[in-house]
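Residue numbers (my numbering): 332 to 519.
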């Protein structure tokens, strides 16, 4: 939570791992782990493969606030991981516990808070608004046996890349729910 990265995705976190190299573009999923190509990596959420078969990158970009941990495995990964030659990126999402907990977060970026790195362009990078509102709650269904975690994200943005006319910027409003139930059958 305190690492200086963009909030758009978790890919910037991966570049902190040894042996990982990416291009100069932030928020890009095409990176190399110990010399591999992008389609030689495996992307997983809680151990489930989420890589697109056609190009090897992940199908989905999870809400940054539901991530508990990011694992980057490569040489010497255990036998439970298969189907990769480069690295395994496993996102571990938050889970509930015996204690009830909730968090609300809000992220804001607008044009006044955005620098201009292309002053000579007729139409520079433009951010009318970029807002992310997330509510999370987790707790117990049955103590020491069954827990839940849920998050609801509202993402709203209107922006253009360099060269795009600000008046033609599309408005994007997306609701993204996430729900997870975990259980422990025995104390062992």
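Just so it is clear, CB atoms sit at the ideal spot from N, CA and C, and this is done for glycine as well.
Straight-line measurement puts the Cα of residue 502 at about 5 Å from the Cα of residue 489. Nearest C-alpha to residue 483 among 458, 350, 511 and 473: 511. Counting along the chain, the unbroken alpha helix (DSSP H) around residue 342 starts and ends at 342 to 345. A distance of 8 Å or more separates the beta carbons of residue 349 and residue 376. When the five nearest sequence neighbours on each side are left out, the beta carbons in the same chain lying within less than 8 Å of the beta carbon of residue 495 are those of 454 and 457, in order along the chain. The C-beta of residue 447 has fewer than 16 other C-beta atoms within 10 Å across all chains shown, which makes the residue exposed. Look at residue 368 here: in three-state DSSP terms it is coil, with no helix or strand label. For residue 391, same chain residues with a beta-carbon under 7 Å away, outside a window of 5 residues either side, are 381 in chain order. Comparing C-alpha distances from residue 472 to each of 429, 492 and 333 shows the shortest one belongs to 429. Taking the CA atoms as reference points, residue 417 sits about 32 Å from residue 427.
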